[in-house]
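S.K.: Take this structure first; my questions come after.
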Amino acid sequence: MEFVKIIGSDKKNYMELLLIADEQVSMIEKYLYRGDMFALCDDDVKAICIVTQEKSGVYEIKNIVTVPKYQRKGYGQRLISNIIDYYKNSGSELYVGTGDCPAIIHFYEKCGFEKSHTVKNFFTDNYDHPMYENGQQLVDMIYLKRNL
Ligand SMILES: CC(C)(COP(=O)(O)OP(=O)(O)OC[C@H]1O[C@@H](n2cnc3c(N)ncnc32)[C@H](O)[C@@H]1OP(=O)(O)O)[C@@H](O)C(=O)NCCC(=O)NCCS
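Taking the working numbering, I'd label the letters of the sequence shown as residues 11 to 158.
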């Protein structure tokens, strides 16, 4: 039976998984403690996500990852659907930022997000090393948004 658990005190135990989605610890620590952390579980943890409040009624997914061997089985999409239910009474908009990676953007579009805006040079300005996704350097942050 699948359920969503809110992770409170032991958030750091999930660092290895969080690093799959965001590869610099100092960047993760900027949102790890102020964010809400969710885990989609059945017999064990399948996917985790961190969401922050950016303004009144405006939330942002800062990190989402499905355990690699469980990817493409719907866990990521179901976790996002649970998160939307969780915030829909207190919020109006949910954002997510990602590198310019077609597979990830496609995933968010499947989850009902639409492209919103771009933050130029986010990855080159904020990370201490160049990062690549499928051989392509990450430069700008692409924001997508969906109504809650
Ligand atoms: C992005 C991520 C969380 C998606 O989680 P997931 O559990 O594998 O996704 P789902 O199985 O719920 O996918 C739902 C739909 O999204 C799309 N999708 C998901 N991953 C995709 C991929 N790699 N390529 C293309 N489409 C993809 C598909 O349409 C999929 O439906 P389908 O399998 O029936 O075709 C997962 O790939 C992941 O953990 N990636 C590494 C971390 C990361 O990059 N996080 C995002 C940082 S911005």
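Ideal Cβ positions, reconstructed from N, Cα and C, are used throughout, including at glycine.
Do residue 117 and ligand 1 come close, with the Cβ less than 7 Å from some heavy atom?
M.R.: Under cutoff, so the answer is yes.
S.K.: Report yes or no: do the segment 96-108 and the segment 75-82 share at least 3 C-beta pairs separated by less than 8 Å?
M.R.: Segments in contact, no.
S.K.: How about the segment 84-92 and the segment 52-62: do they share at least three Cβ pairs that are nearer than 8 Å?
M.R.: These segments touch.
S.K.: Any chance the segment 116-127 sits against the segment 36-47, with 3 or more Cβ pairs inside 8 Å?
M.R.: These segments do not touch.
S.K.: Could you spell out the range, first to last residue, of the alpha helix (DSSP H) harbouring residue 88?
M.R.: 85-97 is the span of the alpha helix (DSSP H), which, as asked, contains residue 88.
S.K.: Ignoring anything shorter than 3 residues or poking outside the segment 21-60, list the beta strand (DSSP E) runs there in chain order.
M.R.: Here the runs fully enclosed are 46-51.
S.K.: Assuming residue 50 and residue 92 are in contact, meaning their beta carbons sit under 8 Å apart, how far apart are those beta carbons, in whole angstroms?
M.R.: Indeed they touch by this definition, with Cβ atoms about 7 Å apart.
S.K.: Between the alpha carbons of residue 14 and residue 80, how many angstroms are there, rounded?
M.R.: Going by the C-alpha atoms only, they are around 16 Å apart.
S.K.: Is any heavy atom in ligand 1 found nearer than 7 Å to the beta carbon of residue 108?
M.R.: Under cutoff, so the answer is yes.
S.K.: Under the criterion of a Cβ to heavy atom distance below 7 Å, does residue 62 qualify as lining ligand 1?
M.R.: Answer for residue 62: no, Cβ out of range of ligand 1.
S.K.: Under 7 Å: does the beta carbon of residue 85 sit that close to some heavy atom of ligand 1?
M.R.: Flag set: Cβ of residue 85 near ligand 1.
S.K.: Here's a check: name, in chain order, each residue in its chain whose Cβ is nearer than 8 Å to the Cβ of residue 64, leaving out the five neighbours to either side.
M.R.: Once the five neighbours on either side are set aside, the close Cβ partners of residue 64 are 70, 105.
S.K.: Start and end of the alpha helix (DSSP H) containing residue 118?
M.R.: Its alpha helix (DSSP H) spans residues 112-120.
S.K.: Cβ of residue 75 within 7 Å of any heavy atom in ligand 1?
M.R.: Because some heavy atom of ligand 1 lies under 7 Å away, the Cβ of residue 75 counts as near it: yes.
S.K.: Taking the C-alpha atoms as reference points, what is the distance between residue 113 and residue 21?
M.R.: Roughly 27 Å between the two C-alpha positions.
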